[in-house]
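Residue numbers (our numbering): 15 to 410. For glycine and all other residues, C-beta sits at the position ideal for the given N, C-alpha and C.
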Ligand SMILES: Cc1cc2nc3c(=O)[nH]c(=O)nc-3n(C[C@H](O)[C@H](O)[C@H](O)COP(=O)(O)OP(=O)(O)OC[C@H]3O[C@@H](n4cnc5c(N)ncnc54)[C@H](O)[C@@H]3O)c2cc1C
């Protein structure tokens, strides 16, 4: 009998395990994951950016936990000799109509108590000579890490403290009793006093297995990146972002420096026909049927038809993709980029067609379900764990 079982060895599951051990050093803890290694999905297929929290509504969990998480991630990397580079991010307005939005983002940065400054066109040119922009914001605390490396170190620490991590254990059934929970994988059964669901792209299904309808469904969006030919790396010094669409802050092609010296360009965001569908041709009948029979999906698809279509067209054409990226760096040519990595985002969507914006938890009788943990959840992962302990597990 464990005290707590966590489903999911991504950064949120590992962050939660870490926080539980910090608070309850003698806890009997088990993390289960269906894959061979930790961080096999979103936590190992992302942009590796340590976000600052600039975009998020002041007071929201995202704003609060990203800001704290930003410091925690750098500190963790420093303590354990892991790679990090606080290289800074520049958000660029390329058209007059974006100037007001840029000003709003700057004000939001101030409200969120972040270190932000405004850059004139000439100051922008000094930092990024190849970027076309009217004005920009500099966010010096944004940086890059290697989240896979961070997850591996965190898993090692959790095990050193006595926690168990069992990989290749896919949870198939959950039964809550009055004072314990039973978890059944394809191979064996486990018992614990409490259960925490951090299953990312499958978090809604795990909640359903435990008997809870969370009122939302995970819709998978594949992010497709290109890599800049290394002879063109000089085009990008910082992380360079366009002014985001306020309705879809995760859309918009940006340029990201990576821990391996490469520069990623992207992403497109298109509906994935499989929850863990990293390739255009990946398809799963159950996953797709669940999306296309979901009312919420059709509501959002009709409302944002043009945006969705533009993403699909860019996904099919390198020329269109380059045209979009050229708004930021006009010198970019289609032959300067080659197809790179992909990642699939778990975005919770309500039945009335709203993207759930903030991190979202649902409580069960002996379980807690992390039902929405999109970006910046890698940045915030340690702090999401601490928040979960503070709100739900302080006195177990
Ligand atoms: C393309 C992309 C770019 C992003 N960029 C950034 C960024 O730069 N910075 C940032 O902060 N955030 C970023 N994010 C968001 C961030 O990566 C995620 O929010 C975060 O990794 C979520 O972590 P998680 O642990 O909730 O999910 P995951 O990492 O997906 O982990 C969930 C785990 O649950 C396991 N699981 C699922 N079902 C079962 C089951 N039935 N039984 C057992 N195990 C199961 C899975 O195998 C998986 O390992 C990005 C995301 C994507 C997709």
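| Asked | Found |
| --- | --- |
| Residue closest to residue 165, alpha-carbon to alpha-carbon, out of 190, 393, 410, 252 | 393 |
| Near ligand 1: residue 216 beta-carbon under 7 Å from a heavy atom | yes |
| CA-to-CA distance, residue 315 to residue 399, given in whole angstroms | 33 Å |
| Ligand 1 heavy atom lying under 7 Å from the CB of residue 49 | yes |
| Contact test: residue 281 Cβ vs ligand 1 heavy atom, cutoff 7 Å | yes |
| Contact set for residue 186: own chain, Cβ-Cβ below 7 Å, skip 5 residues either direction | 198, 199, 200 |
| Residue 357 Cβ short of 7 Å to ligand 1 heavy atom set | yes |
| Residue 19, DSSP secondary structure in three states | strand |
| Test item: CB-CB of residue 64 and residue 97 under 8 Å | no |
| Any 3 or more C-beta pairs closer than 8 Å across the segment 29 to 37 and the segment 144 to 153 | no |
| beta-carbon residue 411 near ligand 1 non-hydrogen atom, thresh 7 Å | Here the chain has residues from 15 to 410 only, and residue 411 is not among them. |
| Proximity test, residue 61 beta-carbon vs ligand 2 heavy atom, cut-off 7 Å | Ligand 2 is not part of this structure, which contains only ligand 1. |
| C-alpha gap between residue 85 and residue 15, whole angstroms | 36 Å |
| Between the CA atoms of residue 82 and residue 76 - distance to the nearest angstrom | 10 Å |
| Proximity below 8 Å, CB of residue 215 to CB of residue 232 | yes |
| Contact test: residue 387 Cβ vs ligand 1 heavy atom, cutoff 7 Å | yes |
| Residue 25 Cβ short of 7 Å to ligand 1 heavy atom set | yes |
| Own chain partners of residue 68 with C-beta closer than 7 Å, once the 5 adjacent residues on each side are dropped | 119, 122, 123, 126, 128, 130, 153 |
| Spatial neighbours of residue 249 in its chain, beta-carbon cut-off 6 Å, leaving aside the 5 residues before and after | 144, 343 |
| Any non-hydrogen atom of ligand 1 within 7 Å of residue 94 CB | no |
| Alpha-carbon spacing of residue 401 relative to residue 43, whole angstroms | 18 Å |
| Near ligand 1: residue 21 beta-carbon under 7 Å from a heavy atom | yes |
| Three-state secondary structure (DSSP) of residue 408 | coil |
| Coarse secondary structure for residue 111, derived from DSSP in three states | helix |
| Bridge partners - residue 282, DSSP secondary structure assignment | 238 |
| Reduced DSSP category for residue 305 - H, G, I as helix; E, B as strand; rest coil | helix |
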